[in-house]
Ligand code: UDP
Ligand code: MG
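Numbering (my numbering), first residue to last: 0 to 314.
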């Protein structure tokens, strides 16, 4: 028995790529239907994340000319993760399984067959995993590796070299709906859902047109968000650091008292200045880390909507 697949694609200012993306995916969906892998009512769902260019107009045109195209438009730009979430929840209303991928088709669409096969074998979640990072710049490669190492050290369960190219069953998406957080880091949350999972290896190419919507600044924030929305380990590390410095101070204290009574207390200006600076810096940093979490709590307690859907194109 075949089932219905939806492909969710967040689009932010992607006027240069979506027509080509839809063309390639149409061919792919046609062939998958032909091979009896998916039902004919399978679709792509293009999520317009408040684009400032012609993206939504193009989606509307494609909707009227291509039977596979559906779309939703958010009321404003909410960022990749929120756009993805909106698409997943909307697509789960009509489908049995949903694959999410980027609009630029950097992720090889030929492995869609493998995703679907794993689903039929019983997987509720299938992670797309990059075979290698040869196409990445040296900088991106090393920072990505450092990020995974750090997350690992902090005890966060991440799938190595997996971004947001994944298949989720309708059931898994329903479970995802119970994770109400507004600070979204999907690749940290999805592994928490559990169930039977699988992986599919693929090659990641380069963007065929347009430019990256993830400049360095956004990427750093995203990484920090990933840490603070999945683990409180950094706060614990501060506590541990406090304990250690308190212990060391105690040793020094004893030493200072001893030399005081020995009458050798004139020298030591450098030590004083260095220690004052060091602890001043450390304290401000620690307050900052705790503040990050307080800020997160602030945002979470407001329970603001993660996105607002403005238009839906679906028959
Ligand atoms: N994206 C989005 N909203 C944003 C930024 C990006 O929906 O605010 C989408 C974008 O259109 C693309 C995907 O997220 O489909 C990934 O972006 P991009 O390919 O630019 O990131 P990169 O591959 O360079 O990390
Ligand atoms: Mg990309």
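Just so you know, even glycine gets a beta-carbon here, dropped at the ideal spot from N, CA and C.
Do residue i and residue j have their CB atoms nearer than 8 Å?
i	j	result
residue 17	residue 88	no
residue 181	residue 299	yes
residue 201	residue 106	yes
residue 233	residue 288	yes
residue 316	residue 65	Missing from the structure shown is residue 316; the chain here goes from 0 to 314 and no further.
residue 42	residue 108	no
residue 94	residue 170	no
residue 312	residue 62	yes
residue 73	residue 46	yes
residue 2	residue 96	yes
residue 35	residue 76	no
residue 187	residue 153	no
residue 196	residue 276	no
residue 206	residue 103	yes
residue 176	residue 192	no
residue 137	residue 222	no
residue 258	residue 264	yes
residue 237	residue 285	yes
residue 150	residue 225	yes
residue 140	residue 129	no
residue 32	residue 26	no
Residue i and residue j look like a contact to me (Cβ under 8 Å); what is the Cβ gap, rounded to whole Å?
i	j	result
residue 165	residue 127	6 Å
residue 58	residue 4	Wrong, their Cβ atoms sit about 19 Å apart, outside the cutoff.
residue 15	residue 208	4 Å
residue 68	residue 199	Not quite, the Cβ-Cβ distance comes to about 24 Å (not below 8 Å), so this is no contact.
residue 71	residue 44	7 Å
residue 78	residue 7	Actually they do not touch by this definition, with Cβ atoms about 15 Å apart.
residue 230	residue 292	About 10 Å; that fails the 8 Å criterion.
residue 185	residue 163	6 Å
residue 125	residue 118	6 Å
Please determine whether the Cβ atom of residue i lies at a distance below 7 Å from any heavy atom of the ligand UDP.
i	result
residue 5	no
residue 161	no
residue 213	yes
residue 8	yes
residue 13	yes
residue 48	yes
residue 222	no
residue 342	Past the boundaries of the shown model lies residue 342; the chain is included only from 0 to 314, so the question cannot be answered.
residue 78	yes
Is residue i near the ligand HEM, going by C-beta to nearest heavy atom under 7 Å?
i	result
residue 5	The ligand HEM is absent from the structure shown, which contains only the ligand UDP and the ligand MG.
Legend entry - Exercise answer, beta-carbon shell around the ligand MG heavy atoms below 7 Å: Taking a cut-off of 7 Å from the heavy atoms of the ligand MG, the residues with a C-beta inside it are 101, 103, 105, 206, 211.
Inset, instruction - Note down, one range per segment and in chain order, each beta strand (DSSP E) of at least 3 residues found wholly within the segment 64-104. - result: Runs of the beta strand (DSSP E) inside the segment 64-104: 68-73, 96-99.
Inset, instruction - Would you list, in sequence order, the uninterrupted alpha helix (DSSP H) runs of no fewer than 4 residues that lie entirely inside the segment 108-146? - result: Every alpha helix (DSSP H) of 4 residues or more that sits fully in the segment 108-146 is shown, in chain order, as 111-119.
Legend entry - Contiguous beta strand (DSSP E) assignments of at least 3 residues, all confined to the segment 183-218: Taken in chain order, the unbroken stretches of beta strand (DSSP E) that lie wholly in the segment 183-218 and span 3 residues or more are 196-201.
Legend entry - Complete runs of the alpha helix (DSSP H) confined to the segment 144-180 [at least 4 residues]: Taken in chain order, the whole alpha helix (DSSP H) runs of length 4 or more contained in the segment 144-180 are 169-175.
Inset, instruction - Jot down the residue ranges of each uninterrupted alpha helix (DSSP H) in the segment 232-306, minimum 4 residues, whole runs only, in chain order. - result: Within the segment 232-306, the runs of alpha helix (DSSP H) at least 4 residues long that lie entirely inside it are, in chain order, 232-261, 268-301.
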